[in-house]
Structure formats: C-alpha cells, structure tokens
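To keep things clear, I will list the structure first and then write my remarks on it.
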Amino acid sequence: MADDDPWVRRQASLASLRLGLRGREVVDAYARLLGDPDHHLRINALEGLLELGVPGDVPALLRLMGDPHYGIWGRARAMVSLFKDDPEVEAELVRTARWGADAARVPALWMLPDRHVDRLLPSLVKDLAGGPSSEVRCAVAFRLASRDRPQAQDAVFNALAAERDPQVAAQLLFRLGRSGDERLLEPASRWLGDERAGPAAAAALGSVRGKAATRLLRAVLTDPATPAPTLAAAATAYGELGSWDAVWLLLPLLDHAAPKVYEGALRGLDTLADTGFRPWERAAVARALVPRLDTRPILVGVAERVLTGLAEALPGLRQLVDRTASPLVRAAALSLLDPHLATDAHTVDDLPLFVRHLDDADGWVRRTAARGIAHWVKETHTIPPGAERLRDLLTALEPDPAGFVREAAAEALRALDDCQNKAGSTPS
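If you want our numbering, it's the 1-based position in the sequence shown plus 942.
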C-alpha cells in the first residue's frame, strides 16, 4: 500500500479489505492513505479503518470532513461521529472547530459537543463578527443561537445588526426568529426586500408581533413586486399574527402562480383556524378552499384542517366527493362531511354518499366512509333505510386486508345495533 504506483496501492488496499488483514502495520498503512491524492484510495482507507474499528490518523481524518468528494466527506463525518468519545478525536474536533480549514471547520462546528461551545465562546464571538467565510459564520451562528447565555445571544444580535451578507443574515434571522425579541425588528425590516434573506426576515417579524411588524408584513403582502419565497413566508407569519384583515389578505394568495405562495397562505389560514374563523369569514374561506382541495396533494391534510367544522363547506364537499379522481381528496372530503364535525340541513341525506364509497379501491376512503356511517347513525338517531343491506355491506368489510377498515366497519355495525336496540325498547 506504499507503492509509488497509485493503481498498485489501490489494488493492495482492496486486497487488504477482502482478506481482513489486521495489526498495527495495516492500521498505519490505511492511516497514510487518508492523505493519498487518489480519492479512491482515501475511500478505501476510510473503509479499512472503519472495519478495524479505529480512527487511524486523527488529524487526517478530521481534515477529510472537508474533502470535496461526497463519498469521502460523508464517510469521514460518519467516522468522527462514531469515534466522538475517543479523547484524541474529541480534542482534534475542538481544534478543527477553532482553527481548521473552512471546509472541515464548518462540520466540526456543527458536531462540537455543547460543553466546548461555552469554552470557545470568546473566539466564536470574534469569528461571528467577521473574518471567516459566510459558511463558517453561519455555523457559528447556529451554535451560539442555541446557547442560553446572554453573552452568546447578544453576540448573535450584534452580528445580525452589522451583517451585510444575505446568506449569513438569513441564517441569523432564522436562528433568532422564534425568540420574539424586539431587537429583530430593525434588521428584519432591512432584509425584507432581499430575495435570499427576505423569507427569514418575514418569519422573524411574525414572532416579534406588534403594530410595527404587522404593518411591515401587510406591506409585503400587498406589494406585487414581492418575491414568491418572501410572500409565502409573510403569508404564514401574518396568519400567526391573527390580524383582523388576515383572512382577506390570504385568500387571494391561494390563486398565486407560485406553489410556495399557495402553501404559505394555506398555512397562515391553518393557524387562524386554530382559534376559529369569524362568522363573516367562514363562507369566504369555504368558497375559496373547497375547489382547491386537490391543488397540491401534499397539502390536502392542511386544507382539511382549515375546513374542519365549517358547515359552509359542506355543499361543495358533497359535489367534490364524486368528482375528484384523487383518493386522498375523496377521503378528506368524506371526513369533512362527518356529522361529528359539522352539520347542515342536508346532513340527513348524506348517508348514500358514505355507502357508495364502502367498496372504494382505497383503504382510507373505505375507512372514512364506514366511520361516516357510524357517526351519521349516532348523530341522527335514525335507522337507515335498507338497514339490512347496509349491514351486509359493512359485514363484507370484516375480511378487509386493512385493520383500520375492519375497525371502522365494526364501529358502524355497533352503531346500527345500538340504534335498533334503542328503537326496539322505546314504548309505542
């Protein structure tokens, strides 16, 4: 493995791996290969040392955390994590986090145990104020923002106030964003117009709250020049603020061409739904959202939460159940029609909708249909027309491959039994 020819070194290292050679000489040979110019050999060296259960040349191993080849830096970081309790590895990790080359220093900072962060606080604060690369400053910001010590928090806020790099500013705003500290107001307002840092600035303003933050976010939402990522973040943040005009500013954004903005507006509405919509907002939310329930499959669950309990949405949902081709949307629409959540004058006529979907190809739709029947019977206290046929359909689900479908069918059968027993015991 010390041959001058890289091909020979490569074949020798592979042979050593296959033969499972062990011993001090083998460890030393692999350790030397950690610095080999051939990246294949560096990979073989890492694999060999891992197989032997030793870190080898520790400084060389830590340097490889910044190797340009993913196959190398990924393995090196995994090995450092594996041997993190080794005193020599831990000491070298601290040294790399403080003085290493930027490419290796960044992962070292991320991996540095918390007990060392406080000890390195003065040098980290100095690094955050300027000098190293933006990647290093971002990593330092991550470590300092997570510390409760006032000195660390003050350093991050001071760095944010002086920062001019959008990438670092975005990281600082993100790390401090949930603090709600009023010191965020000035830097967040300064970075709102930047395409890279704007989303983090908008989110930070949402945590600060207050009249000034509300005014700034409202201006972002009503400015047609706002970049889509910032608009999306501002929509979510404005929903969290719960301002009186939030619903009316967010609903038009559901039609935005950028999917991110639709998601931001929907998540803002989701937060508003937690406290309940005002009576004059409910119909508008239902009209806007029911036709868009299938806009993005990944967000159907969020849209379902927004519509939960809105009786104003029920007419549109009844049409959507049979119209949509998406099982996910069909299950959501049937779930929202569940009389446990909301009812209207036509709830008594919803039973056939649930019955029609008992044999749906999708298990979640079958489950939702069966549960809807159970809850319909419990809420209306009515024995359904054709109860025996319905019982047969529910009984046919007993061998269903999905346990949650069998459970829902059993619940519906119990509801039928209870309703019939009560009807039978009522004096005529």
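Using N, Cα and C, we set each Cβ at its ideal position, and we do this for glycine too.
Quick caveat: nothing in here was measured; it's all calculated off a predicted structure.
In whole angstroms, what is the alpha-carbon distance linking residue i and residue j?
{"i": "Val-1203", "j": "Asn-1363", "result": "53 Å"}
{"i": "Ala-1303", "j": "Ala-1316", "result": "20 Å"}
{"i": "Ala-1352", "j": "Ile-1240", "result": "30 Å"}
{"i": "Val-1162", "j": "Thr-1168", "result": "6 Å"}
{"i": "Val-1232", "j": "Ala-1354", "result": "27 Å"}
{"i": "Trp-949", "j": "Leu-1003", "result": "22 Å"}
{"i": "Ser-1121", "j": "Asp-999", "result": "42 Å"}
{"i": "Trp-1318", "j": "Leu-1336", "result": "14 Å"}
{"i": "Arg-1348", "j": "Ser-1075", "result": "59 Å"}
{"i": "Arg-964", "j": "Leu-994", "result": "7 Å"}
{"i": "Gly-1345", "j": "Thr-1310", "result": "13 Å"}
{"i": "Met-1007", "j": "Arg-1037", "result": "13 Å"}
{"i": "Leu-1278", "j": "Leu-1193", "result": "20 Å"}
{"i": "Arg-960", "j": "Val-968", "result": "13 Å"}
{"i": "Asp-1197", "j": "Glu-1128", "result": "31 Å"}
{"i": "Lys-1026", "j": "Ala-1104", "result": "35 Å"}
{"i": "Ala-1111", "j": "Arg-1157", "result": "22 Å"}
{"i": "Trp-1222", "j": "Gly-1184", "result": "15 Å"}
{"i": "Ala-1226", "j": "Arg-1160", "result": "20 Å"}
So, helix, strand or coil for residue i, using DSSP?
{"i": "Arg-1220", "result": "coil"}
{"i": "Thr-921", "result": "This structure leaves residue 921 out entirely; the chain is present only between 943 and 1370."}
{"i": "His-1058", "result": "helix"}
{"i": "Ser-1121", "result": "coil"}
{"i": "Ala-1329", "result": "helix"}
{"i": "Gly-1210", "result": "helix"}
{"i": "Pro-1369", "result": "Here Pro-1369 scores only 46 on pLDDT, less than 50, and its place in the model is too uncertain to base an answer on."}
{"i": "Gly-1314", "result": "helix"}
{"i": "Ser-1076", "result": "helix"}
{"i": "Ala-1097", "result": "helix"}
{"i": "Leu-961", "result": "helix"}
{"i": "Ser-1149", "result": "helix"}
{"i": "Arg-1091", "result": "coil"}
{"i": "Arg-1160", "result": "helix"}
{"i": "Glu-1205", "result": "helix"}
{"i": "Asp-1342", "result": "coil"}
{"i": "Asp-1165", "result": "coil"}
{"i": "Ala-1043", "result": "coil"}
{"i": "Ala-1139", "result": "coil"}
{"i": "Trp-1306", "result": "helix"}
{"i": "Trp-949", "result": "helix"}
{"i": "Thr-1172", "result": "helix"}
Going by CA-CA distance only, name the one from the options that's closest to residue i.
{"i": "Arg-1247", "options": "Val-1263, Phe-1219, Ala-1267", "result": "Phe-1219"}
{"i": "Arg-940", "options": "Leu-991, Asn-986, Ala-971", "result": "Shown here, the chain extends from 943 to 1370; a query on residue 940 therefore has no answer."}
{"i": "Leu-1293", "options": "Trp-1186, Thr-1324, Tyr-972, Val-1271", "result": "Thr-1324"}
{"i": "Asp-978", "options": "Arg-1005, Leu-992, Leu-1241, Asp-1107", "result": "Arg-1005"}
{"i": "Ala-1176", "options": "Ile-1240, Gly-1119, Ala-1228, Asp-1216", "result": "Gly-1119"}
{"i": "Glu-1124", "options": "Leu-1134, Leu-1147, Ala-1228, Glu-1137", "result": "Leu-1147"}
{"i": "Thr-1172", "options": "Ala-1230, Arg-1138, Arg-1348", "result": "Arg-1138"}
{"i": "Lys-1153", "options": "His-1282, Tyr-1180, Gly-990, Asp-1334", "result": "Tyr-1180"}
{"i": "Ala-1375", "options": "Pro-1029, Ala-1145, Asp-1069, Ala-1046", "result": "Residue 1375 is absent from the structure shown; the chain starts at 943 and stops at 1370."}
{"i": "Gly-1251", "options": "Asp-1301, Leu-1208, Ala-1228", "result": "Ala-1228"}
{"i": "Asp-1044", "options": "Pro-1201, Leu-1195, Arg-1079, Ala-971", "result": "Arg-1079"}
{"i": "Gly-1243", "options": "Asp-1359, Leu-1126, Ala-1225, Leu-1211", "result": "Leu-1211"}
{"i": "Ala-1371", "options": "Ala-1174, Thr-1164, Pro-1327", "result": "Outside the shown range of the chain, which is 943 to 1370, sits residue 1371, and nothing can be said about it."}
{"i": "Val-1082", "options": "Leu-1102, Ile-1014, Pro-1108, Val-1048", "result": "Val-1048"}
{"i": "Leu-1235", "options": "Trp-1052, Glu-1205, Leu-1066", "result": "Glu-1205"}
{"i": "Pro-1010", "options": "Pro-1064, Arg-984, Asp-1286, Pro-1343", "result": "Arg-984"}
{"i": "Glu-1321", "options": "Arg-1298, Thr-1285, Leu-1339", "result": "Thr-1285"}
{"i": "Glu-1254", "options": "Thr-1289, Asp-1264, Val-1271, Thr-1266", "result": "Thr-1289"}
{"i": "Leu-1332", "options": "Pro-1341, Asp-1342, Ala-1312", "result": "Ala-1312"}
{"i": "Met-1053", "options": "Pro-1064, Arg-974, Phe-1084", "result": "Phe-1084"}
{"i": "Ala-1039", "options": "Pro-1001, Asp-1264, Ile-1014", "result": "Pro-1001"}
{"i": "Pro-1269", "options": "Leu-1283, His-1282, Val-1307", "result": "Val-1307"}
Quick one: is residue i buried, meaning 16 or more other Cβ sit within 10 Å of its Cβ, or exposed?
{"i": "Gln-1113", "result": "buried"}
{"i": "Ala-1350", "result": "buried"}
{"i": "Ser-1370", "result": "Residue confidence for Ser-1370 is low, a pLDDT of 42 falling below 50, so the modelled location carries little weight and cannot support an answer."}
{"i": "His-981", "result": "exposed"}
{"i": "Tyr-1012", "result": "exposed"}
{"i": "Asp-1334", "result": "exposed"}
{"i": "Glu-1330", "result": "exposed"}
{"i": "Gly-1042", "result": "buried"}
{"i": "Leu-1358", "result": "buried"}
{"i": "Gly-1140", "result": "buried"}
{"i": "Trp-1133", "result": "buried"}
{"i": "Pro-1029", "result": "exposed"}
{"i": "Asp-1301", "result": "exposed"}
{"i": "Asp-902", "result": "The structure shown does not extend to residue 902, since the chain is modelled only from 943 through 1370, so no value can be given for it."}
{"i": "Ser-955", "result": "buried"}
{"i": "Pro-1327", "result": "exposed"}
{"i": "Gly-1372", "result": "Residue 1372 is absent from the structure shown; the chain starts at 943 and stops at 1370."}
> Of all the alpha helix (DSSP H) runs that stay within the bounds of the stretch 963–1039, which reach a length of 4 or more residues?
Replying inline: 966–975, 981–994, 1000–1005, 1012–1024
> Which full runs of the alpha helix (DSSP H) of 4+ residues lie inside the stretch 1222–1300, going along the chain?
Replying inline: 1242–1249, 1256–1265, 1269–1278, 1293–1298
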